[in-house]
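*Asks:*
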Amino acid sequence: MYPEEIVKPMKEDLTSAGFNELLSADAVSSAIEKEGTTLVVVNSVCGCAAGNARPGVKMSLDHAKKPNSLTTVFAGVDKDAVDQARKFMLPYPPSSPAIGLFKDGKLVHMIERHHIEGRTADLISESLKAAYDEFC
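Numbering that gives the first Met the number 0 applies: residue 0 is where the sequence shown begins, and numbers increase by one.
1) I need the straight-line Cα distance from cysteine 47 to proline 8, nearest angstrom please.
2) Rounding to the nearest angstrom, what Cα-Cα distance links tyrosine 1 and valine 76 in this structure?
3) Can you check whether the CB of leucine 22 is closer than 7 Å to the CB of alanine 80?
4) Can you name the start and end residues of the alpha helix (DSSP H) that glycine 55 belongs to?
5) Give the secondary structure of lysine 86 by DSSP, where H, G and I count as helix, E and B as strand, and everything else as coil.
6) If you run the structure through DSSP and keep just helix, strand and coil, what is alanine 30?
7) Starting from leucine 100 and walking both ways along the alpha helix (DSSP H), at which residues does that stretch end?
8) Lysine 64 by DSSP, collapsed to three states: which one?
9) Tell me whether glycine 55 is buried or exposed, calling it buried when 16 or more other Cβ atoms sit within 10 Å of its Cβ.
10) Would you kindly work out how many angstroms separate the C-alpha atoms of alanine 129 and arginine 112, rounded to a whole number?
11) Run through the DSSP bridge pairs and tell me what lysine 105 is partnered with.
12) Going by alpha carbons, who is nearest to leucine 127 out of His62, Arg85, Glu11, Phe18?
13) Tell me, please, which residues DSSP counts as bridged to glutamate 20.
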């Protein structure tokens, strides 16, 4: 577990952009299983989360179509919430950061860590915007 003072600004990077922080398994289930589209960002302390994932996700919201619900869990901190989110993201193996788009409780688009590392925030944003166009 990471100390709260280290992860607080990393969490706020998304919550200040309108993401709802999910802290329990029940909160994750409720958010994903509801009707509509839900974006789940598995946030992380790693450099690719800071340099690519979080900026790319935030940039993707500057788009005509976007998910009904924006949510985030934090790997290495909110264990129960992250474990539950990862169950919904199966068959993809656990990774962080990771980004999943759900529609009516079903995973419809997934960006794994290996799709984030070495890619620019712009590319991540464009991938998400294409998914929003298709599913939102």
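For every residue, glycine included, the Cβ atom is placed at its ideal position computed from N, Cα and C. All values derive from a computational prediction rather than experimental measurement.
*Replies:* Once the coordinates are examined:
1) One C-alpha to the other measures close to 15 Å.
2) 6 Å
3) yes
4) 53-59
5) helix
6) helix
7) Note, leucine 100: premise wrong, no alpha helix (DSSP H); beta strand (DSSP E) at 97-102.
8) coil
9) buried
10) Cα atoms of alanine 129 and arginine 112: separation of roughly 18 Å, rounded to the nearest angstrom.
11) Lys102
12) The residue from His62, Arg85, Glu11, Phe18 with its alpha-carbon nearest to that of leucine 127 is His62.
13) Answer by DSSP bridge pairing, in chain order: Thr71.
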